[in-house]
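Have a look at the structure below before the remarks.
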Amino acid sequence: MSARCLRTAGIVLVSLLTFPLTARANIFDLIWEMSGPQMIGITFHCEYDPQFNRQSAQDYRAKSSTEKFTRSDCRFFDELVVGNSMPRSTRRFWLSFDTTFYTSTGKDSDTLEYDAFETQMLAIEPILEVRSHPWKKIQFHHGIVGLSYDVLFGNNFDTFDKAGIKFRPVGVTIGRFNVAYNLRLYPNGFTTDEFGPARIDNVNRKHEYLHGFSIGYLWR
Numbered sequence: 110m111s112a113r114c115l116r117t118a119g120i121v122l123v124s125l126l127t128f129p130l131t132a133r134a135n136i137f138d139l140i141w142e143m144s145g146p147q148m149i150g151i152t153f154h155c156e157y158d159p160q161f162n163r164q165s166a167q168d169y170r171a172k173s174s175t176e177k178f179t180r181s182d183c184r185f186f187d188e189l190v191v192g193n194s195m196p197r198s199t200r201r202f203w204l205s206f207d208t209t210f211y212t213s214t215g216k217d218s219d220t221l222e223y224d225a226f227e228t229q230m231l232a233i234e235p236i237l238e239v240r241s242h243p244w245k246k247i248q249f250h251h252g253i254v255g256l257s258y259d260v261l262f263g264n265n266f267d268t269f270d271k272a273g274i275k276f277r278p279v280g281v282t283i284g285r286f287n288v289a290y291n292l293r294l295y296p297n298g299f300t301t302d303e304f305g306p307a308r309i310d311n312v313n314r315k316h317e318y319l320h321g322f323s324i325g326y327l328w329r
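This note's numbering puts the first residue of the sequence shown at 110, with every later residue one more than the last.
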């Protein structure tokens, strides 16, 4: 990962530390590095709690004076849309399902120029996440393993898809804010020809790692 990428992560983390108050999902997801356009997206996020216990939920509800809890929920812009699962602080692990619409930021790659908003991508990504031990007011969670299925489309190239493995080495939650580092591995990576009119078919492309960040804020 580049030094600039690490500096950005540090700035975000420091800004989170200034707002002590449980955040859930990411609002924005940025794919920082890839052999193609840099991408930024908006996420529709759902979580499923396999450990959900109705009695435990009722006990927690009585203590917190919170509305009824459910086994799963979904959020858009971190605003609750469906369900109301228990806070992550009460769970050891859960399944996350992200559906993200990305568009290019306008940052060029080493081999090709890209305009902002000219390339789009729809990604569907289930991932198993676990909560690790908190430190003071900071909660940590980790995406052990997941999948990423992506469909890319735009005006200058034919629609194509990719499949890879997704990891979330670390996510940090402080009060209503959260940030996470995402790592995706594609056995069949991205190449310049895929984003132009002369795409080469039936080619074994080199594997590729994509680095990115997600940032979220829990509105309520």
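Glycine included, every Cβ here is placed at the ideal spot set by N, Cα and C. All values reported here derive from a predicted model rather than from experimental measurement.
Residue from the options whose Cα sits closest to the Cα of residue i
i, options, result
"Val288", "Gly325, Phe266, Asp217, Gly252", "Gly325"
"Phe137", "Asp182, Thr208, Ser165", "Thr208"
"Asn297", "His316, Gly284, Ile283", "His316"
"Phe226", "Lys216, Thr212, Glu234", "Thr212"
"Trp332", "Phe202, Ser218, Ser198", "Since the first residue shown for the chain is 110 and the last is 329, residue 332 is missing from the structure and cannot be characterised."
"Tyr157", "Asn135, Ser194, Ile140, Ala166", "Ser194"
"Leu70", "Leu327, Asn313, Tyr258, Asn291", "Past the boundaries of the shown model lies residue 70; the chain is included only from 110 to 329, so the question cannot be answered."
"Glu142", "Ser205, Phe202, Lys216", "Lys216"
"Met230", "Thr282, Thr301, Gly321, Lys271", "Lys271"
"Leu189", "Asp168, Phe161, Gly321, Thr152", "Thr152"
"Asp219", "Thr301, Leu319, Ser165", "Thr301"
"Val312", "Leu319, Phe299, Gln164", "Phe299"
Buried versus exposed, by CB contacts within 10 Å (16 or more), residue i
i, result
"Arg277", "buried"
"Leu256", "exposed"
"Pro146", "buried"
"Ala54", "Because the chain is modelled from 110 through 329, residue 54 falls outside the range shown and cannot be assessed."
"Lys177", "exposed"
"Glu238", "buried"
"Val191", "exposed"
"Ile309", "exposed"
"Arg293", "buried"
"Asp168", "exposed"
"Gln160", "exposed"
"Leu327", "buried"
"Ser323", "buried"
Three-state secondary structure assigned by DSSP to residue i
i, result
"Phe299", "coil"
"Ser165", "helix"
"Arg79", "Residue 79 lies beyond the residue range present for the chain, which begins at 110 and ends at 329; the question has no answer from this structure."
"Thr199", "helix"
"Phe186", "coil"
"Phe76", "A question about residue 76 goes unanswered here, because the residues of the chain that appear run from 110 up to 329."
"Phe304", "helix"
"Thr268", "coil"
"Arg285", "coil"
"Val312", "coil"
"Leu327", "coil"
"Asp138", "strand"
"Pro235", "strand"
"Gly145", "coil"
"Asn193", "coil"
"Gln160", "coil"
"His320", "strand"
"Ser205", "strand"
"Gly273", "strand"
"Ser213", "strand"
"Tyr290", "strand"
"Asp224", "coil"
"Asp102", "Residue 102 lies beyond the range of the chain shown here (110 to 329); nothing can be said about it."
8 Å contact criterion, which residue i and residue j should meet: CB distance rounded
i, j, result
"Ile274", "Val254", "7 Å"
"Arg184", "His154", "5 Å"
"Ile107", "Thr228", "Residue 107 lies beyond the stretch modelled for the chain, which goes from 110 to 329, so this question has no answer here."
"Ile283", "Ile247", "5 Å"
"Arg240", "Arg201", "6 Å"
"Val281", "His251", "Val281 to His251, Cβ: 11 Å. No contact."
task = Evaluate contact between the segment 301 to 309 and the segment 265 to 272, counting only Cβ atoms and requiring at least three cross-stretch pairs below 8 Å.
result = yes
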